[in-house]
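Protein chains in written order, with my numbering: chain H, 887 to 1120; chain X, 887 to 1120.
Number of protein chains: 2
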Amino acid sequence: MNASRTARERVRAELIEEITEIARRHLARDGAAGLSLRAVAREMGMASSAIYRYYPSRDDLLTALIIDGYNAVGDAVEKAEAACPREDHLGRWLAICHAVRDWALAHPHEYALLHGSPVPGYSAPQDTVGPAMRDALVFGRVIADAHRGRLLDPPGGYPPAPESFGADAERIREAVLPGLPDDIVARAVTVWPGLYGAVSFELFGQYNNVITDRHATFDYAMRGLGRYIGLPEH
Amino acid sequence: MNASRTARERVRAELIEEITEIARRHLARDGAAGLSLRAVAREMGMASSAIYRYYPSRDDLLTALIIDGYNAVGDAVEKAEAACPREDHLGRWLAICHAVRDWALAHPHEYALLHGSPVPGYSAPQDTVGPAMRDALVFGRVIADAHRGRLLDPPGGYPPAPESFGADAERIREAVLPGLPDDIVARAVTVWPGLYGAVSFELFGQYNNVITDRHATFDYAMRGLGRYIGLPEH
DNA sequence: AACCGCGCAGAGCAATGCTCTCGTTTCGGC
DNA sequence: GCCGAAACGAGAGCATTGCTCTGCGCGGTT
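If you want it as structure tokens, here you go:
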């Protein structure tokens, strides 16, 4: 019967959900290194071996948490950006930046899992690339919108994008920056890691005893990068 | 006797050196997660418990490796920068950037240890801050030199540094950017994480299936950041 | 009603970090 | 030169981990 089979699969899905939920809590508290399948099993009141019916290995659990993490950032970024007036492109960019930073500060271990060292024998399975791109997609939409409105005026005095960048630019255009010229795409590839570099620096302790007003400093830096790619000050 | 006492201490120092050496090899091959005190002891032909006479815990070994790593980057950066003509400030900046990137590509696991997730129960002991600053010191010297030669002309059209940044700027001035105005210091705090963000993106796999000509793309991005802080194109 | 398979528990294996104890070597003050 | 104290090394042991294998029992299928 289809209904009964679904019943079985439903309880299975629920168990997977519960395992993932507990694992996420452990991750948030102890970090990826402290995540133990046995501890999760203990908390669920089941034998450690039973967990393997749902996640074939610890790394698979990690992968699931990575995907969840990317989706959480994606949600936060999308929501923050959606709350801005459409024509305030710089504001939308800043909203993205602060959403990433706020989420990272609220979930440091999960952020470390996403943008820190590749944890196990790594690999980064294909399932992660979709969720991992969501924030960049939002970023691309902001830039593309500004460009469509002829509002992009990147400051001059910078070197042009290198010749060899053409092929990469085309691929990036198709994925996240439709219709934008090579120079803007190249600047995007400068700006986007800049955002994550700033967040990682702050989160991984490089700003200890250096920067105190971190919100303002971050905001300033992101404003600068926004200008650099051509977003107009309002 | 001083010599005899030194004899004991010398063999001790040699053993510590050997342990660290082997550990570094294991780290380079297997990553921080795979570094095992027992494996190191095995390779040295001594009991695992004996290792603890030299490193009281695994984390202490990791800390030693972190310091070594920072010093290795520092060496590479200093050497690369020293090889440039003094008046070619943009070239010196680019040399720094490429030195960091090249070192990271050659020692991915060690780089991850330095700039990835804080590994154990983290903490970052005080001994690491000196070595950790060496590359930034070189960077600061380049900018300060350019400023002293009145060659710094940061492109306009960017927002000024926030009010609250003054105190932080003063601290940074004293440490690495002597004599520079707040605006430049603030831009430095944008640019410096930008460098590491770019390296981390490339190394941690965010550029997979995105950027192919990574050297050129990196060089372009760093040129842009160099211009942003005011280094003159030559 | 017979049966097949999924889900679970328990034991077990190979590792790990770290501690303790117990001999042995070495150093330094007498 | 001698002897006690400190440093050193080995071995066993504890708690913990990821993961596998072997059964057992209930649930759903035919």
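Idealized CB from N, CA, C, for every residue including glycine. Predicted, not measured: the structure shown is a model, and the values here were computed from it.
query: Nearest-angstrom Cβ-Cβ length linking X/Val1077 and X/Arg1059, presumed shorter than 8 Å; result: Actually they do not touch by this definition, with Cβ atoms about 16 Å apart.
query: Closest Cα partner of H/His1001 within the set H/Gly1110, H/Gly1083, H/Arg928; result: H/Gly1083
query: C-beta atoms of H/Pro1041 and H/Gly1116 nearer than 9 Å; result: yes
query: H/Ala983 versus H/Ala909, H/Ser934, H/Gly1026, H/Ser1050, residue with shortest Cα-Cα distance; result: A small correction: the amino acid at residue 983 of chain H is Cys; Ala does not occupy that position in the sequence shown. Checked all of H/Ala909, H/Ser934, H/Gly1026, H/Ser1050; the closest Cα to H/Cys983 is H/Gly1026.
query: 6 Å Cβ shell around H/Cys970 - same chain, five flanking residues per side excluded; result: Gly977, Arg978, Ala981
query: CA nearest to the CA of X/Tyr1093, picked from H/Leu999, H/Ala1018, H/Asp916; result: H/Ala1018
query: CB contact flag (H/Asn1095, H/Arg1020, <9 Å); result: no
query: Which listed residue (H/Val897, H/Tyr938, H/Asp988) has its alpha carbon closest to that of H/Leu1089; result: H/Asp988
query: Close-in-space but distant-in-sequence residues of the same chain around H/Asn888 (CB under 6 Å, 5 per side omitted); result: With a pLDDT of 43 at H/Asn888, under the threshold of 50, the modelled position of that residue is not reliable, and no figure is offered here.
query: CB-CB length for X/Tyr1114 against X/Arg1073, believed under 8 Å; result: 6 Å
query: Within chain X, partners of H/Thr1098 - CB distance below 9 Å; result: Ser1050, Ala1053, Asp1054, Arg1057
query: Exposure label - X/Ser1086; buried when at least 16 CB within 10 Å; result: buried
query: Cβ pair X/Leu999, X/Leu1037 closer than 9 Å; result: no
query: Residue burial classification, H/Ala962 (beta-carbon count within 10 angstroms, cutoff 16); result: buried
query: Under 8 Å by beta carbon: chain H residues contacting X/Arg1073; result: Gly1110
query: N- and C-terminal bounds of the alpha helix (DSSP H) containing H/Pro1079; result: 1068–1089
query: Proximal residues of chain X, C-beta to C-beta of H/Glu1119 below 9 Å; result: Gly1043, Tyr1044, Pro1045
query: Partner residues on chain H for X/Gly977, Cβ-Cβ distance less than 8 Å; result: Near X/Gly977 there are no residues of chain H at all, since even the closest Cβ is about 13 Å away, more than 8 Å.
query: Sequence-distant residues of the same chain with beta carbon closer than 8 Å to H/Thr1014, five excluded per side; result: Thr949, Ile952, Ile953, Tyr956
query: Proximity test, Cβ basis, 9 Å: H/Gly955 and chain X; result: no
query: Boundaries (first-last residue) of the alpha helix (DSSP H) holding X/Ser1050; result: That residue, X/Ser1050, is in no alpha helix (DSSP H); it is neither H nor E in DSSP.
query: Neighbouring residues, chain H, relative to X/Gly1002 (Cβ below 7 Å); result: Gly1002, Ser1003
query: Helix, strand or coil at X/Asp961 [DSSP, three-state]; result: helix
query: Cβ-based burial, H/Thr1180 [other Cβ within 10 Å; buried from 16]; result: Chain H is shown only over 887 to 1120; residue 1180 of chain H falls outside these bounds and no answer can be derived.
query: Residue burial classification, X/Val897 (beta-carbon count within 10 angstroms, cutoff 16); result: exposed
query: 9 Å Cβ cutoff, H/Phe1025 in contact with chain X; result: no
query: 7 Å CB neighbourhood of H/Val986 in its chain, flanking five on each side removed; result: Val959, Val963, Asp1021, Leu1081, Val1085
query: Interface flag, H/Pro1067 vs chain X, CB-CB below 9 Å; result: no
query: Residue-level contact to chain H via CB, X/Arg911, 9 Å cutoff; result: no
query: Cβ shell of X/Ser934 (< 7 Å), same chain only, five flanking positions each side left out; result: Leu923, Arg924, Ala927
query: Residue span of the alpha helix (DSSP H) that contains X/Gly977, given as start and end; result: 975–992
query: Closest by C-alpha distance to H/Tyr997, when choosing among H/Gly917, H/Glu907, H/Ala1047; result: H/Gly917
query: Inter-residue Cα distance where the pair is X/Glu967 and H/Pro1118; result: 36 Å
query: is_contact[H/Arg972, chain X] using C-beta, thresh 9 Å; result: no
query: Under the three-state DSSP convention, the category H/Asp1105 falls into; result: helix
query: Member of H/Phe1051, H/Tyr938, H/Pro1064, H/Ala1055 whose CA lies at the smallest distance from the CA of H/Asp1031; result: H/Pro1064
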